[in-house]
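Chemist: Numbering (this note's numbering), first residue to last: 26 to 104.
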C-alpha cells in the first residue's frame, strides 16, 4: 500500500530553498526534527521557548503533530 505524505500543519513549511527542503517552522530555519530531538532529549516546552524566543507554543504543537503523522502507519496483526 503506498504511503501517504504526513499531514502538514499550517505552521510547518517545506521549501527546497530552506533547510535543504526539510520540514521547518514557517518563517524560521528551525527544523521540525530539531524540536522533536529537543523534546526527546528531555527539554521542556518552556525551555525551548526560552532558547528560541521567536517560536510559539503552537509551533511546538505543530512540530509534534507533523512528527506523529510522519510515523503514522497501519499495524497489521496476524494470528
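The beta-carbon is built from N, C-alpha and C at its ideal position, and this holds for glycine as well. Values in this document were obtained by computation on a predicted structure and should not be read as measured data.
Which same chain residues end up closer than 6 Å to residue 39 when comparing Cβ atoms and leaving out the 5 residues on each side of it in sequence?
Modeler: Within the chain shown, the letter at position 14 stands for residue 39. Correct list, in chain order: 48.
Chemist: In this structure, how does DSSP classify residue 50 when only helix, strand and coil are distinguished?
Modeler: Residue numbering aside, residue 50 sits at position 25 when the chain shown is read from its first letter. In the structure shown, residue 50 sits in a strand (DSSP, three-state: E or B).
Chemist: Please report the distance separating the alpha-carbon of residue 64 from that of residue 41.
Modeler: On the chain shown, position 39 is the one that residue 64 refers to. On the chain shown, position 16 is the one that residue 41 refers to. In a straight line, the C-alpha of residue 64 is about 25 Å away from that of residue 41.
Chemist: How about residue 35 and residue 57: are their beta carbons less than 8 Å apart?
Modeler: On the chain shown, position 10 is the one that residue 35 refers to. On the chain shown, position 32 is the one that residue 57 refers to. Their beta carbons are not under 8 Å apart, which means residue 35 does not touch residue 57 by this criterion.
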